[in-house]
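Here's the structure we're looking at; comments come further down.
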Amino acid sequence: MCGPSDVFKLDSAALNKQPEEVFDIVGKLGEGSYGSVHKAVHRESGHTLAIKKVPVDTDLQEIIKEISIMQQCDSKYVVKYYGSYFKNSDLWIVMEYCGAGSVSDIMRLRRKTLTEREMSAVLRDTIQGLRYLHDLKKIHRDIKAGNILLNTEGQAKLADFGVAGQLTDTMAKRNTVIGTPFWMAPEVIEEIGYDTKADIWSLGITAIEMAEGRPPYADIHPMRAIFMIPTKPPPTFKKPDEWSEEFNDFIKQCLVKKPDDRKTASQLVEHSFIANAPGPEVLQAIIKDASEIQFNSRNAPPAEPDAATMVGGQLDGRTLLTGNNPDDRTLVENPAATVNTEAEYENRFHKSMADGDYEFLRELSLDELLRRKNNLEAEMDEELRELQRRYQTKRQPILDVIAVKKNRSAN
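In case it helps, the UniProt record's numbering puts the sequence shown at residues 1 to 411.
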């Protein structure tokens, strides 16, 4: 297990072998950006690792960027990178294994959000990771609970650099729309250029996500959300009085619309909500609780379908939600469901979804639900790109006229 004293390395001899000669794949952990993530054991040392398998027909430029960023990072608050292999049509990226999963996983397993003390511990480590990245002039650009991993020692670490970017030495502002819609900073959506402060906004949204189980605007279509985020006042808790003055102020400092007025990671480390955060034992306790729940669920007899209250619907960006009623999109797996033909299956699926008959989803296996979710996310990404193109087409003539008028005024 990886910890602060971890000194595991892959030597050149190991990196020149076939990966199957070096590692034993234990099982699949889940899906990350661009590929599936697997738990593996280093044969020689017995060290547990995570391996991301990326199909080479995906965007290799983005994968190379991710590897480049990970290679440059050496912080206990950032997931470590050990090496990579090409195997058939896949690129294997060998990384540090964080056995407790993500903060999102913990909330899903325990069916509850985090307490203030738990959140302050997570946020303290996350801010330290952001301060490290920002000092290196790097932007993560996809901060959310699903990208904050925990090891069994109660250490939170930043992961999934699939959309991370590097600034120039002059900290030039970027102008590309990348990230997960609900967590995006206003300046990212508006394409007016952004820097490391965009991560701070996403951190504030993540804090609300950990407190309430979902980010603001989660109940509306993501394409609508990307227009509301820049135009509405900064979000806050649904019930601010339920949280301490320090936590409310921390959120307020993160969610400032104007980036220049937003705090930096270095400044937020000194905030009282972060400075007074408890030690790792607080996170160790919830990790143990989640682990016991997971163990018991694996050894328990199958539940009747109506008895299940999880899993709640997933947000775009793989943030898991929980709920106890149909409005929270509670789903149940029923592996016994069968459909006669693929065509009949497709017709039934699309008709049911169009009619708003989500009961049909209860009949699908977990693998099929995950496949459908991934397909919908791909469709959403394309719709967002098309919407962004239309938005830019309408916006550009206005910018052109503004530029002309400014030139005339200057002359």
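Glycine included, C-beta positions come from ideal geometry on N, C-alpha and C.
Other residues of its chain near residue i: CB distance less than 7 Å, five sequence neighbours each side excluded
i: ARG117; result: PRO278, VAL282
i: ARG124; result: ILE274, ALA277
i: THR152; result: MET1, GLY99, ALA100, ILE287
i: MET119; result: ALA207, MET210, ALA211
i: VAL56; result: SER89, ASP90, LEU91
i: LYS257; result: PRO186, PRO234
i: residue 414; result: Because the chain here runs from 1 to 411, residue 414 falls outside it and cannot be looked at.
i: THR126; result: ILE148, ALA156, LEU158, LEU203
Reduced DSSP category for residue i - H, G, I as helix; E, B as strand; rest coil
i: PHE86; result: strand
i: THR330; result: Low local confidence applies: a pLDDT of 27 at THR330 is under 50, so the model's placement there is unreliable, and no value is given.
i: TRP183; result: helix
i: HIS134; result: helix
i: PRO55; result: strand
i: ALA156; result: strand
i: ILE192; result: coil
i: ASP316; result: Note on ASP316: pLDDT 40, under 50, position unreliable in the model; no value is reported.
i: ASP199; result: helix
i: residue 449; result: With the chain represented from 1 up to 411, any question about residue 449 goes unanswered, as that position is not in the structure.
i: ALA50; result: strand
i: TYR81; result: strand
i: LEU91; result: strand
i: ILE143; result: coil
Cβ pair residue i, residue j closer than 8 Å
i: LEU114; j: MET228; result: no
i: GLN128; j: VAL269; result: yes
i: ALA145; j: TYR97; result: no
i: GLU212; j: LYS232; result: no
i: PRO19; j: TYR81; result: no
i: ALA265; j: HIS140; result: no
i: LEU150; j: VAL78; result: no
i: LYS197; j: PRO259; result: yes
i: PRO230; j: PRO186; result: yes
i: GLU383; j: MET223; result: yes
i: SER36; j: LYS53; result: yes
i: LEU29; j: VAL94; result: no
i: LEU130; j: ASP199; result: yes
i: ASP24; j: VAL7; result: no
i: LYS138; j: ILE69; result: yes
i: LEU136; j: GLN72; result: yes
i: LYS17; j: GLY27; result: no
Sequence-distant residues of its chain with Cβ nearer than 6 Å to residue i (five each side left out)
i: ALA403; result: none
i: SER202; result: ILE143, TRP183
i: GLU246; result: SER272, PHE273
i: LYS263; result: GLN253
i: ALA121; result: ALA277, PRO278, VAL282, LEU283
i: ILE205; result: TRP183, PRO215
i: PRO240; result: ASN248
i: VAL22; result: ALA14
i: LYS87; result: PRO19
Proximal residues to residue i (C-beta, below 8 Å), its chain only, five neighbours per side dropped
i: THR236; result: ILE208, ASN248, ILE251, LYS252, LEU255
i: ARG110; result: ILE286, ASP289, ALA290, ILE293
i: GLN392; result: GLU191
i: ILE220; result: MET228
Where the alpha helix (DSSP H) through residue i begins and ends
i: LEU109; result: 103–110
i: SER266; result: 265–268
i: PHE227; result: 222–231
i: VAL22; result: 19–22
i: SER75; result: That residue, SER75, is in no alpha helix (DSSP H); it is neither H nor E in DSSP.
i: ALA14; result: 12–15
Segment limits, beta strand (DSSP E) that includes residue i
i: PRO100; result: Note that residue 100 corresponds to Ala in the displayed sequence, not to Pro. Run containing ALA100: none; DSSP gives neither H nor E here.
i: LEU149; result: 148–150
i: VAL37; result: 35–42
beta-carbon residue i near the ligand FMN non-hydrogen atom, thresh 7 Å
i: LYS17; result: The model depicted lacks the ligand FMN and carries no ligand whatsoever.
Residue-chain proximity (residue i, chain D), Cβ-Cβ < 8 Å
i: MET380; result: As a matter of chain content, chain D is missing from the structure shown, which is built from one protein chain.
Just list the beta strand (DSSP E) runs in the segment 245–301, keeping only unbroken ones of 3 residues or longer that don't cross its boundaries, in chain order.
-> none
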